[in-house]
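*Asks:*
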Amino acid sequence: MLTPVTAESDLAKRFAKFEKRPPWLGVHLGLRRDCGSTFSPVQRPVAVKDTEVREYIFEGAINNYPSDDVQVENDNYLAGVREIGIRSEYTDGRERPRLRIRSVEFEGPYYESWPPAMHRRIFIDSANKDQPAVYAREIVGAFAGRAFRRPITDAEEASLMAVWKESYADRPNFTQSIKDTLLIVLTSPQFLFLIEKSDTPKPEPLTGHELASKLSYFLWNTMPDSHLQELAAADKLRASLDTEIRRMIHDERFGQFADEFASQWLSLEKFDVVEMDRKRYPTLTRDVRLNLRREPVELLKHLVLENLPARNLVQSDFILANEVTASYYDLGDKTERGFDFAPVAHRRKHLGGLLAQTSILAGLSDGREGNAVKRGAWLARKIVAEPPADPPPNVPGIEEIDPKLPLRERLALHRDHKGCASCHAGIDPWGLPLEQFNAGGLFRADYKGTGVKLPDGTEVDGYNALRAHLAGPRMDRVAFSILKHLATYATGRTLTYNELVFLQEEGLNLRRNGYRMQDLVRFVIKSDIFLTK
0 MLTPVTAESD LAKRFAKFEK RPPWLGVHLG LRRDCGSTFS PVQRPVAVKD TEVREYIFEG
60 AINNYPSDDV QVENDNYLAG VREIGIRSEY TDGRERPRLR IRSVEFEGPY YESWPPAMHR
120 RIFIDSANKD QPAVYAREIV GAFAGRAFRR PITDAEEASL MAVWKESYAD RPNFTQSIKD
180 TLLIVLTSPQ FLFLIEKSDT PKPEPLTGHE LASKLSYFLW NTMPDSHLQE LAAADKLRAS
240 LDTEIRRMIH DERFGQFADE FASQWLSLEK FDVVEMDRKR YPTLTRDVRL NLRREPVELL
300 KHLVLENLPA RNLVQSDFIL ANEVTASYYD LGDKTERGFD FAPVAHRRKH LGGLLAQTSI
360 LAGLSDGREG NAVKRGAWLA RKIVAEPPAD PPPNVPGIEE IDPKLPLRER LALHRDHKGC
420 ASCHAGIDPW GLPLEQFNAG GLFRADYKGT GVKLPDGTEV DGYNALRAHL AGPRMDRVAF
480 SILKHLATYA TGRTLTYNEL VFLQEEGLNL RRNGYRMQDL VRFVIKSDIF LTK
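When the letters of the sequence shown are read in order and numbered with numbering that gives the first Met the number 0, they come out as residues 0 to 532.
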């Protein structure tokens with residue numbers, strides 16, 4: 000006997016919410032080993048938003064996935080068999096509707112047309128296909144122009160055509176002779192490096208094509224598109240900088256800047272390699288770590304796209320989270336975005352900003368305990384741009400001191416070594432308040448003993464007081480640090496003393512608008528640091 004429930008009942012409401020939560024389809028490719036299977040994901044999971052039967056296409060290069068390395072003498076008939084895994088991907092453990100897979104097809108190699116687009120971009124359409132020398136000159140000129148990110152010179156064209164003529168004369172195979180010539184292009188310094196040619200030792204303005212390349216590799220981490228190249232060729236790029244900066248920031252390729260810059264600036268590779276104690280931090284699984292690794296990248300991208308104040312990097316009433324990271328921070332069902340990151344209001348005193356993110360805090364630990372020295376040195380270098388000096392040689396590390404002693408006593412003993420005290424005076428006070436977070440990056444409200452006097456003489460009692468100090472009286476220094484790291488990344492070199500002074504003094508003009516993140520990026524691009532060579 001079935002008893003219907005009313006729409007207002009708790010059960011009906013829970014079921015309605017359950018039905019609205021879409022399942023996520025994930026495809027994985029790998030192979031079977033003697034001890035199980037090894038899989039790697041094919042693209043990101045896709046939300047299945049309705050019950051209609053639909054076709055979902057996942058594409059990937061086969062060489063990006065685990066390959067067969069079975070020994071010849073291995074007689075296990077299952078070892079090395081390629082497998083496709085179709086999964087309903089779970090985010091935070093909450094129930095969601097099940098997936099029903101009707102069929103799976105595997106196609107490869109996959110080309111939308113023949114010859115493929117990659118081939119057509121090289122062997123361009125031309126009325127001169129029946130004239131090998133003329134057609135080769137057109138192909139080489141077009142390819143080298145894209146590779147060098149500027150029109151090629153007459154001397155470069157003559158040199159490349161000499162290679163083609165020699166190859167074609169030696170073996171009259173047109174395709175092979177083009178391959179031989181393009182190999183020279185792809186091993187040329189003009190392709191491998193961003194070359195800014197100067198005629199004098201004094202600073203000179205970048206040419207249009209140099210500016211297009213520098214701008215593109217800064218904001219997109221890839222070569223300039225045709226629109227940038229056209230503006231450069233017409234000598235209109237410098238006058239269109241504001242428009243182009245806005246266009247490039249709102250392009251999907253801007254995500255590559257956020258990923259690369261955040262990784263380098265914040266030293267996120269430390270989180271990639273730290274081995275966490277699985278017994279102490281069982282929830283830091285491989286998949287959870289991959290999502291937490293995205294958190295600072297997504298925060299940076301969001302702040303720049305929305306042009307929000309830089310103070311959100313140290314103190315913010317929201318975090319960028321998906322269901323996986325929200326669950327890790329015990330935010331329950333604060334978001335229904337699956338694997339997609341979105342702003343989430345946390346209403347927690349300790350959350351918000353880079354200093355409370357697990358990918359940073361765990362990376363600055365030994366996998367079992369936090370490390371105040373590593374965290375303090377990181378904050379001094381990355382957030383306030385006051386890097387400590389290198390440690391003197393032959394000084395034992397803090398981990399070699401009796402671990403049973405309290406942290407402050409171990410630090411005091413370490414500072415007793417000659418040459419250590421002055422450096423640690425600029426490191427430890429920044430790191431001690433961060434000890435309120437464990438090695439897994441989670442806040443410990445009951446952790447005591449984090450009151451310190453900072454290197455600038457300010458006394459703070461704990462993490463919340465520290466970040467309030469950074470977001471308030473020290474915000475000018477935080478903004479300078481961001482500008483410094485942006486300019487260093489944009490130019491690919493160490494900044495000069497005069498350039499640092501310029502950023503520190505002229506950057507103060509951005510204070511009146513709250514040091515908005517897109518404004519900081521724009522300030523760097525429109526400065527002589529970026530526009531000259």
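We put the beta carbon where it would ideally sit given N, CA and C, even for glycine.
Rounding to the nearest angstrom, what Cα-Cα distance links Asp91 and Leu530 in this structure?
*Replies:* 47 Å
*Asks:* Mind checking which residues open and close the beta strand (DSSP E) that includes Thr37?
*Replies:* Gly35 to Pro40
*Asks:* Does Glu51 pass the burial test, meaning 16 or more other C-beta atoms within 10 Å, or should it be called exposed?
*Replies:* Glu51 should be labelled exposed.
*Asks:* In this structure, how does DSSP classify Ser225 when only helix, strand and coil are distinguished?
*Replies:* helix
*Asks:* Evaluate Asn497 with the Cβ neighbour count: other Cβ atoms within 10 Å of its Cβ, from every protein chain shown; 16 or more gives buried, anything less gives exposed.
*Replies:* exposed
*Asks:* Got a sec, what are the start and stop residues for the alpha helix (DSSP H) Pro188 sits in?
*Replies:* Pro188 to Leu191
*Asks:* Which residues bound the beta strand (DSSP E) around Lys196?
*Replies:* First-last for Lys196: undefined, no H or E at that position.
*Asks:* Once DSSP output is grouped into helix, strand and coil, what is the label at Phe442?
*Replies:* strand
*Asks:* Buried or exposed, going by whether 16 or more other CB atoms sit within 10 Å of the CB of His468?
*Replies:* buried
*Asks:* Which of the three DSSP states, helix, strand or coil, is assigned to Thr174?
*Replies:* helix
*Asks:* Would you call the region 20-34 and the region 80-96 touching, i.e. three or more CB-CB distances under 8 Å?
*Replies:* yes
*Asks:* If you draw a straight line from the C-alpha of Arg511 to the C-alpha of Pro432, how long is it?
*Replies:* Each residue's alpha carbon lies about 30 Å from the other.
*Asks:* My assumption, with CB atoms under 8 Å, is that Ser266 sits in contact with Trp377. Please give the rounded CB distance.
*Replies:* 7 Å
*Asks:* Determine, using beta carbons only, whether Leu312 and Ile481 come nearer to each other than 9 Å.
*Replies:* yes
*Asks:* Take every Cβ of the region 470-484, pair it with every Cβ of the region 440-450, and state whether three or more of those distances are shorter than 8 Å.
*Replies:* no
*Asks:* For Met516, which residues in the same chain have their Cβ closer than 7 Å to its Cβ, ignoring the five residues on either side in sequence?
*Replies:* Contacts found: Leu302, Val303, Asn306, Leu307 and Ala309.
*Asks:* Please tell me whether, using a cut-off of 8 Å, the distance from the CB of Arg510 to the nearest non-hydrogen atom of the ligand COA is below it.
*Replies:* Inclusion of the ligand COA in the displayed structure is not the case, the ligand content being empty and no account of it being possible.
*Asks:* Taking the C-alpha atoms as reference points, what is the distance between Thr37 and Arg374?
*Replies:* 35 Å
*Asks:* When the distance is taken between beta carbons, is Ala489 closer than 9 Å to Val523?
*Replies:* yes
*Asks:* Residues in the same chain with beta-carbon distance under 7 Å from Leu205, minus the five sequence neighbours each way, listed in chain order, please.
*Replies:* Annotation for Leu205: Glu195, Lys213, Leu530, Thr531 and Lys532 place their beta carbon closer than 7 Å to its own, counting only its chain and skipping 5 residues before and after.
*Asks:* How would you label Glu106, buried or exposed, when you count the other beta carbons within 10 angstroms and need 16 or more for buried?
*Replies:* Around the C-beta of Glu106, fewer than 16 other C-beta atoms lie within 10 Å, and the residue is accordingly described as exposed.
*Asks:* In this structure, how does DSSP classify His345 when only helix, strand and coil are distinguished?
*Replies:* Three-state result, His345: coil.
*Asks:* Spatial neighbours of Gly144 within its chain, please: CB distance less than 7 Å, with the 5 preceding and 5 following residues excluded, ordered by chain position.
*Replies:* Pro150 and Ile151
*Asks:* What is the DSSP secondary structure of Leu98, reduced to helix, strand or coil?
*Replies:* coil
*Asks:* Put Thr180 into one of helix, strand or coil per three-state DSSP.
*Replies:* helix
*Asks:* If I follow the unbroken alpha helix (DSSP H) through Gly207, where does it start and stop?
*Replies:* Gly207 to Leu218
*Asks:* Distance check for Thr282 and Leu318, CA to CA, integer angstroms please.
*Replies:* Rather than Leu, the amino acid found at residue 318 in this sequence is Ile. Straight-line Cα distance between these residues: approximately 20 Å.
*Asks:* Drop a sphere of 10 angstroms on the beta-carbon of Met247, count the other beta-carbons inside from all chains shown, and report buried for 16 or more, exposed for fewer.
*Replies:* buried
*Asks:* With distance defined between alpha-carbon atoms, name the residue in Tyr328, Val272, Asp276 and Arg136 nearest to Glu294.
*Replies:* Residue Tyr328 is the option with its Cα nearest to Glu294.
*Asks:* Could you tell me the distance, in whole angstroms, from the CA atom of Ala146 to the CA atom of Tyr216?
*Replies:* 14 Å
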